[in-house]
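Protein chains in written order, with the working numbering: chain A, 1 to 207; chain B, 1001 to 1207.
Just so it is clear, CB atoms sit at the ideal spot from N, CA and C, and this is done for glycine as well.
Here's the structure, in structure tokens; my notes come after.
2 protein chains.
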Amino acid sequence: MNALTRRQQQVLEFIQTRQQREGLTPTLREIADHFGFRSLTAAADHVRALQKKGVLENQPSRARSLRVVSPWQGLRRPVADIPIFGSIPAGIPESRVQDAKGCLSIDVASLGIKPTPRTFALEVRGDSMIGRHILDGDLVILEHGVAPRNGDVVAALIDNESTLKTLVLERGRVWLRSENPRYPQLIPASELVVQGVMMALVRRRKG
Amino acid sequence: MNALTRRQQQVLEFIQTRQQREGLTPTLREIADHFGFRSLTAAADHVRALQKKGVLENQPSRARSLRVVSPWQGLRRPVADIPIFGSIPAGIPESRVQDAKGCLSIDVASLGIKPTPRTFALEVRGDSMIGRHILDGDLVILEHGVAPRNGDVVAALIDNESTLKTLVLERGRVWLRSENPRYPQLIPASELVVQGVMMALVRRRKG
DNA sequence: GCTGATACTGTATATTTGTACAGTATCAAA
DNA sequence: TTTGATACTGTACAAATATACAGTATCAGC
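Right, here's the structure in full:
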């Protein structure tokens, strides 16, 4: 009953791809064109069949209202796009698109914060923050321009590279600390630029 | 030049909300209706202004082709929806929508895996896996039905609760190990159900 | 051999939708 | 004071679009 035919899978995949790539689902005409149907009804039939099988939804009489149904779609929250930078030379004056290495898209609720235009992500290199359970390869989401508190993990510009450190207030002075015994421990933060404060983290699969 | 007026912000927000909630951007008529405009042109004017300011895009003569522009949109990859379960009593026979506590939406590339219908997420309770740098409150993404390898982090059903453990092959037998010295170390896995293998992790902001 | 589901062609039509044109009024900047 | 941007009303129309109806052909299951 729920099994899709090969043709239906092709049609569904086409709709889904267009939805992801262009943000718009195709019209019946566009479906027909893509598959070389000379009749709209062919496309309409497939859409009807996919609806019947519960994998496609439709708002009657509305243009481009096809939607591929994910069982969890109803629970979906707004998704934010956060740029991933390799390293940030300056203090993020105006982070430009061409500087981004990629884009992390994640829903706001799971992130725990509301991203702003000053939110960005860095890929962690090395295990200098292993004491804070941040590993090599982790994607760290940071917020630029907020005041860091004592103990916050921050990104700082050291030797023209963005590096993660723990910010420490001690005896009225500000220090940056690595969280790995094998690394130099304390650096005076006076001359360093704090580029962002860590807000969240994404760890991809390893190996 | 780029600053939006209050009215323009309202219009943009309306379009964005509809896009997120219904998956469709509104038509000019729907915008006009929502704001009580008696004329389509009022809506059209706002859309034109927002386009001019670069925060909205449009494919001419296409129905519902409005799209709110994020600077990073071009980099966006397909986003997957992964159900979040509180705990999973049985071996996930058919995880039903009503059992889901929420939904984690994240792009496939950042996740490092291609989610399947057997992908799900658990919220970590306690710090029994701190040795693997998994903290209380972390969101762990797991895959059901794949064969775990030695050293993989897995979710197992213990006392009717899903608990994370490290799977250890030793002397031809399978054990589950907690990664915290204060917890009981080894449990024979023979009678336990492995519900999933950890693939990725999301850490939200703390405090 | 019959039946229902699938996979189409071809035509027609009502509705939805974007767009254009002609105005009015307000407000801030030059 | 003038100019341009903003914020609308009101009307009209062509294009885009969903949908309906009448068929044909194939194939699997009964």
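Problem set entry | Nearest residue (CA-CA) to Gly1131/B, options Gly1102/B, Pro1181/B, Glu1143/B, Lys1101/B | Taking the first residue of the second sequence as position 1, residue 1131/B is located at position 131. Considering only alpha carbons, the answer is Pro1181/B.
Problem set entry | Where the beta strand (DSSP E) through Ala200/A begins and ends | As a first step, residue 200/A must be located in the first sequence, where it is residue number 200. Looking at the DSSP string, the run of the beta strand (DSSP E) that includes Ala200/A is 194 to 203.
Problem set entry | Assigned exposure category for Leu12/A - 16 Cβ within 10 Å defines buried | Residue mapping note: residue 12/A aligns to position 12 of the first sequence, counting from 1. Buried, because 16 or more other Cβ atoms sit within 10 Å of the Cβ of Leu12/A.
Problem set entry | Which listed residue (Ser1162/B, Gly1036/B, Val1194/B) has its alpha carbon closest to that of Arg1007/B | Residue mapping note: residue 1007/B aligns to position 7 of the second sequence, counting from 1. Out of Ser1162/B, Gly1036/B, Val1194/B, Gly1036/B has the C-alpha closest to the C-alpha of Arg1007/B.
For this session: Determine the extent of the beta strand (DSSP E) in which Asp81/A is found, giving its start and end residues.
Result: Against the first sequence, residue 81/A aligns to sequence position 81. 79 to 85 is the span of the beta strand (DSSP E), which, as asked, contains Asp81/A.
Exercise. Where Gln1195/B and Leu1157/B are concerned, what is the direct C-alpha to C-alpha distance, given to the nearest angstrom?
Worked result: One-based indexing of the second sequence puts residue 1195/B at position 195. One-based indexing of the second sequence puts residue 1157/B at position 157. Cα to Cα, Gln1195/B sits roughly 7 Å from Leu1157/B.
Problem set entry | Nonlocal neighbours in the same chain, by C-beta distance under 8 Å from Phe85/A, ignoring five residues either side | Residue 85/A sits at position 85 when you count from the first residue of the first sequence. Excluding sequence neighbours, Phe85/A sits near Ser95, Asp99, Ala100, Lys101, Phe120, Ala121, Leu122, Ser162.
Problem set entry | Cβ-based neighbour list, Ala1032/B, same chain, cut-off 8 Å, excluding 5 preceding and 5 following | Taking the second sequence and counting its residues from 1, the one referred to as residue 1032/B is at position 32. The residues are Arg1038, Ser1039, Leu1040, Ala1042, Ala1043.
Exercise. Could one say the Cβ of Gln9/A lies closer than 8 Å to chain B's Cβ atoms, at least one of them?
Worked result: Taking the first residue of the first sequence as position 1, residue 9/A is located at position 9. Cβ-Cβ to chain B under 8 Å: no for Gln9/A.
Problem set entry | Min CB distance Gly86/A to chain B below 8 Å | As a working note, residue 86/A is residue 86 in the first sequence. Not an interface residue.
For this session: Could you tell me the distance, in whole angstroms, from the CA atom of Leu1169/B to the CA atom of Leu1186/B?
Result: The residue you call residue 1169/B lines up with position 169 of the second sequence. The residue you call residue 1186/B lines up with position 186 of the second sequence. If you take the alpha carbons of Leu1169/B and Leu1186/B, they lie about 11 Å apart.
For this session: Could you name the residues of the segment 118 to 150 of chain A whose beta carbon sits closer than 8 Å to any beta carbon of chain B, in the order they occur along the chain?
Result: Ile130, His133, Ile134, Leu135, Leu139
For this session: Would you tell me roughly how many angstroms separate the C-alpha atoms of Leu1050/B and Thr1025/B, rounded to the nearest one?
Result: To locate residue 1050/B, count along the second sequence from 1; it is residue 50. To locate residue 1025/B, count along the second sequence from 1; it is residue 25. Going from the Cα of Leu1050/B to the Cα of Thr1025/B covers about 14 Å.
Exercise. Glu1184/B versus chain A: which residues are under 7 Å apart at the beta carbon?
Worked result: The residue labelled residue 1184/B in the question sits at position 184 within the second sequence. Note that residue 1184/B corresponds to Pro in the displayed sequence, not to Glu. Correct list: empty, because the minimum Cβ distance to chain A is about 22 Å.
Exercise. Nearest chain A C-beta to Arg1203/B closer than 8 Å, yes or no?
Worked result: Translated into the one-based positions of the second sequence, residue 1203/B becomes position 203. Chain A contact via Cβ: present.
Exercise. Measuring CA to CA, which of Arg62/A, Gln20/A, Val193/A, Gln19/A is closest to Asp159/A?
Worked result: Residue mapping note: residue 159/A aligns to position 159 of the first sequence, counting from 1. For the residues Arg62/A, Gln20/A, Val193/A, Gln19/A, the minimum Cα distance to Asp159/A belongs to Val193/A.
Exercise. How would you list, in chain order, the residues of chain A whose beta-carbon sits under 9 Å from the beta-carbon of Gln1195/B?
Worked result: Translated into positions along the second sequence, residue 1195/B becomes position 195. Those within 9 Å of Gln1195/B in chain A number zero; the least Cβ separation is about 17 Å.
For this session: Output the distance between the C-alpha atoms of Gly23/A and Arg203/A, rounded to the nearest integer angstrom.
Result: In the first sequence, the residue the question calls residue 23/A occupies position 23. In the first sequence, the residue the question calls residue 203/A occupies position 203. Computed Cα separation, rounded: 27 Å.
Problem set entry | Coil, strand or helix - Ala147/A by DSSP | One-based indexing of the first sequence puts residue 147/A at position 147. The answer is coil: DSSP assigns Ala147/A none of H, G, I, E or B.
For this session: Select from the segment 1020 to 1033 of chain B all residues with a C-beta closer than 7 Å to any C-beta belonging to chain A, and list them in chain order.
Result: Gln1020, Gly1023, Leu1024
Problem set entry | Test: Pro1078/B CB closer than 8 Å to a CB of chain A | Numbered from its first residue, the second sequence carries residue 1078/B at position 78. Taking Cβ atoms only, chain A reaches closer than 8 Å to Pro1078/B, which makes this a yes.
For this session: Kindly give me the distance between the Cβ atoms of Pro115/A and Gln1020/B, rounded to whole angstroms, as I take these residues to be in contact under 8 Å.
Result: Within the first sequence, numbered from 1, the residue matching residue 115/A stands at position 115. Within the second sequence, numbered from 1, the residue matching residue 1020/B stands at position 20. Not quite, the Cβ-Cβ distance comes to about 14 Å (not below 8 Å), so this is no contact.
Exercise. What are the boundary residues of the beta strand (DSSP E) that Leu169/A is part of?
Worked result: The residue labelled residue 169/A in the question sits at position 169 within the first sequence. From DSSP, the beta strand (DSSP E) with Leu169/A extends over 161 to 170.
Exercise. Relative to the C-alpha of Asp138/A, which residue among Gln16/A, Lys206/A, Asp107/A, Thr17/A is closest?
Worked result: Locating residue 138/A in the first sequence gives position 138, where the first residue counts as 1. Checking every option, the nearest Cα to that of Asp138/A belongs to Lys206/A.
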